[in-house]
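Below is one structure; the comments refer to it alone.
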Amino acid sequence: MQNIFTQIRSFSKEFWLLNLIQMIERLAYSALVLQMAVYISQKDIVGGLHWEHTTKGMIFFVWALVQNLIPVLTGGLADKFGRKNMIFISIFFAIIGFYLFAFQREFTGVMTAAVFVGIGLGSFKPALQGLISNSMRDKFTSIGWGLNIMLINVAFFFAPALSKYLEEISWQIFFIVTGSILIIIIPLLFLIKDDNDKIKNEPSITIKEILIGVLRPQILSFVIIMGGFAIIYMQFYETLPNFIYDWVDTSQVAKALNLPDYMLMTTSLGTMIDFKWLYTLNSSFIVLGVVTVSWLMSGVKLRYAIMFGITTASLGLFVSGATQIGSMAVLGMLIYTLGEMITNPRYLEYMASLGTKSRRSVYLGYLNISFAIGLAGGSLLGGFLYNEYSEKSTLAIRYLEAQQVDMTQITHSNAMDKVVQFTNTSIQESTSMLWDLYSPNKIWYIFLGIGIFSTLLIYLHSRIYHNQPLK
């Protein structure tokens, strides 16, 4: 195994430029995603939509399906008609979606915006990943995908600051500016040479071949199993922010670190660390550690690396929401991140290795079936579970109804105030009372079980296909 720095220096200028393009796309997308769960469903956010978590779940369900099933088709089209051409088209669709978010406040309009973003960014991903994969030397793919994940998370690191700054101006400005960031990609594409001409002598793929490829039992079963990891991934980024906002007390962590005001937010519990800044821990840890972890794990059999990664991520998500203690949430987020940085590069490496240079966008498109299953199903499951068992305003209303309080003037926005008034306690004491009474953290047991079950299925998959290249 060569020195890690020797391997890093071996990558071409084309590799680094392609990763810069992906960083720009991820900056815009992650800034958007960081706000969407709260924008759609948090009841006490000024200017938000204030919709139910089940409505949020339906929007994320359709969005995830579109964004993660489109690549199955467009990956093959990118291989056939040119990856740069596909990227140009995808950016056009995505920008329309971002701009629609700025001006739509009805369900149909917001859903339409999500579909446009899904089509655009879903088509973008396999085309660009195909270019990145072909820019790597085969023996350095583990470190190459580790670098790719690291650079993506550099973009994630800056997303919270950008997201918070723009949201404080107005929601319209937030959506317009984040969408406009994607325009920067267009001139950079002229510096990239589409590599399809290098493989033009190979027969072009047909739609039939794309479908036959994904229906191969080894591939189809594996991407379905990896949907379990995608469910865990979905909850970390889409459900956990609401949970932290409602329940987790990070005030002591903020005081201990003497954090500045711009990293704080005011919640019903008081002044806490803004959850968007908590998520910079995730991206920072990946930036600092993913290349080293990928290098260390490159000698580990693929199935063991992925099994360990999924188990670690599942435990991390569970710890993040197990208590109301802010430091425990931080610890859980770091554990989850370790699992994510083990799993994602090895999954990318495996799917890319299945195809020839002319087919890599196709196989990297297949990877997104996992996220279609996990993110779409996870959005519905997470939205339902949180709405029924964990949303603080819902549990406050449930408590008041059980106490036979007059509910005429009580809404999600003022339910906690009514609980405080009825019990004659502080907001912190009322929150702890609801926690003890309803155990909103019980939803995380379900996702821990999903993660462990997925790990067991990967083991069984590797036993069944042990003579085929799942190394």
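Note that the sequence shown covers residues -14 to 456 in my numbering.
Ideal placement from N, C-alpha and C gives every residue a C-beta, glycine not left out.
It should be emphasised that the depicted structure is a prediction, and the values quoted were computed from it without experimental measurement.
Span separating the alpha-carbon of residue i from that of residue j
{"i": "threonine 408", "j": "glutamate 373", "result": "23 Å"}
{"i": "tryptophan 280", "j": "alanine 307", "result": "32 Å"}
{"i": "alanine 361", "j": "glycine 368", "result": "11 Å"}
{"i": "phenylalanine -4", "j": "arginine 122", "result": "8 Å"}
{"i": "threonine 252", "j": "tryptophan 429", "result": "22 Å"}
{"i": "isoleucine 158", "j": "alanine 87", "result": "7 Å"}
{"i": "glycine 434", "j": "proline 172", "result": "46 Å"}
{"i": "valine 18", "j": "leucine 12", "result": "10 Å"}
{"i": "leucine 54", "j": "proline 425", "result": "33 Å"}
{"i": "leucine 136", "j": "phenylalanine 293", "result": "23 Å"}
{"i": "valine 304", "j": "threonine 322", "result": "12 Å"}
{"i": "leucine 419", "j": "isoleucine 25", "result": "24 Å"}
{"i": "serine 118", "j": "arginine 383", "result": "52 Å"}
{"i": "alanine 63", "j": "isoleucine 412", "result": "54 Å"}
{"i": "threonine 39", "j": "isoleucine 170", "result": "35 Å"}
{"i": "threonine 410", "j": "glycine 129", "result": "55 Å"}
{"i": "arginine 90", "j": "serine 375", "result": "26 Å"}
{"i": "isoleucine 449", "j": "isoleucine 166", "result": "46 Å"}
{"i": "asparagine 267", "j": "lysine 69", "result": "31 Å"}
{"i": "valine 47", "j": "phenylalanine -10", "result": "42 Å"}
{"i": "glycine 298", "j": "glutamine 394", "result": "Note that residue 298 is alanine in the sequence shown here, rather than glycine. One C-alpha to the other measures close to 42 Å."}
{"i": "serine 398", "j": "leucine 333", "result": "43 Å"}
{"i": "leucine 174", "j": "valine 347", "result": "21 Å"}
Sequence-distant residues of the same chain with beta carbon closer than 8 Å to residue i, five excluded per side
{"i": "leucine 445", "result": "none"}
{"i": "phenylalanine 109", "result": "Glu10, Met71, Ile72, Ser75, Ile76 and Ala79"}
{"i": "leucine 176", "result": "Leu2"}
{"i": "isoleucine 161", "result": "Phe83, Tyr84 and Ala87"}
{"i": "tyrosine 457", "result": "The question about residue 457 has no answer, for the chain in this structure spans -14 to 456."}
{"i": "phenylalanine 461", "result": "In the structure as shown, the chain starts at -14 and stops at 456, and residue 461 therefore has no counterpart that could be examined."}
Proximity of residue i and residue j at Cβ, strictly below 8 Å
{"i": "serine 439", "j": "isoleucine 295", "result": "yes"}
{"i": "glycine 131", "j": "valine 285", "result": "no"}
{"i": "leucine 422", "j": "lysine 403", "result": "no"}
{"i": "phenylalanine 432", "j": "glutamine 220", "result": "yes"}
{"i": "tyrosine 218", "j": "phenylalanine 260", "result": "no"}
{"i": "isoleucine 320", "j": "aspartate 234", "result": "no"}
{"i": "methionine 326", "j": "leucine 352", "result": "no"}
{"i": "serine 364", "j": "glycine 42", "result": "yes"}
{"i": "glycine 255", "j": "tryptophan 156", "result": "no"}
{"i": "alanine 215", "j": "isoleucine 6", "result": "no"}
{"i": "threonine 265", "j": "phenylalanine 142", "result": "yes"}
{"i": "isoleucine 291", "j": "isoleucine 443", "result": "yes"}
{"i": "methionine 96", "j": "isoleucine 30", "result": "no"}
Residues near residue i by beta carbon distance below 6 Å, same chain, minus five either side
{"i": "valine 102", "result": "Ala79 and Gly82"}
{"i": "valine 147", "result": "It is leucine, not valine, that sits at residue 147 in the sequence shown. For leucine 147, where only same-chain residues beyond five positions count, the Cβ hits under 6 Å are Ala16."}
{"i": "leucine 381", "result": "Checking the sequence shown, residue 381 turns out to be alanine, not leucine. Once the five neighbours on either side are set aside, the close Cβ partners of alanine 381 are Ala400, Met401 and Val404."}
{"i": "glycine 164", "result": "Ile80, Phe83 and Tyr84"}
{"i": "glycine 317", "result": "Gly301, Val304 and Ser305"}
{"i": "tryptophan 262", "result": "Pro145 and Met248"}
{"i": "proline 56", "result": "Gly107, Lys110, Pro111, Gly350 and Asn353"}
Buried versus exposed, by CB contacts within 10 Å (16 or more), residue i
{"i": "isoleucine 168", "result": "exposed"}
{"i": "lysine 240", "result": "exposed"}
{"i": "lysine 28", "result": "buried"}
{"i": "methionine 392", "result": "exposed"}
{"i": "glutamine 389", "result": "exposed"}
{"i": "glycine 436", "result": "buried"}
{"i": "tyrosine 247", "result": "exposed"}
{"i": "glutamine 114", "result": "buried"}
{"i": "alanine 387", "result": "exposed"}
{"i": "asparagine 243", "result": "exposed"}
{"i": "arginine 331", "result": "buried"}
{"i": "proline 111", "result": "buried"}
{"i": "isoleucine 154", "result": "exposed"}
{"i": "glutamine -8", "result": "buried"}
{"i": "serine 283", "result": "buried"}
{"i": "threonine 328", "result": "buried"}
{"i": "glycine 94", "result": "exposed"}
{"i": "arginine 201", "result": "exposed"}
{"i": "arginine 288", "result": "buried"}
{"i": "lysine 149", "result": "buried"}
Cβ-based neighbour list, residue i, same chain, cut-off 7 Å, excluding 5 preceding and 5 following
{"i": "alanine 144", "result": "Leu12, Ser15, Ala16 and Leu19"}
{"i": "valine 139", "result": "Met8 and Val272"}
{"i": "tryptophan 36", "result": "Ile25 and Ser26"}
{"i": "serine 415", "result": "Met401, Val404, Val405 and Thr408"}
{"i": "isoleucine 210", "result": "Ser439, Leu442, Ile443 and His446"}
Short CB-CB distance (under 8 Å) between residue i and chain B
{"i": "tryptophan 156", "result": "In summary, chain B is missing from the structure at hand, where a single protein chain is found."}
| query | Where are the alpha helix (DSSP H) runs, 4 residues long or more, that stay fully inside the region 208 to 234, in chain order? | reply | 212 to 219 and 225 to 232
| field | Contiguous alpha helix (DSSP H) assignments of at least 4 residues, all confined to the region 84 to 159 | value | 92 to 119 and 126 to 154
| At what residue ranges does the region 27 to 86 contain a whole run of the alpha helix (DSSP H), taking only runs of 4 or more? | 38 to 66
| said: I'd like the ranges of any alpha helix (DSSP H) spanning at least 4 consecutive residues and lying wholly in the region 368 to 397. | reply: 377 to 387
| query | Can you list, in chain order, the stretches of the alpha helix (DSSP H) that have 4 or more residues and sit fully within the region 400 to 445? | reply | 400 to 408 and 412 to 423
| field | Secondary structure, alpha helix (DSSP H): runs of 4+ residues fully inside the region 260 to 293 | value | 260 to 282
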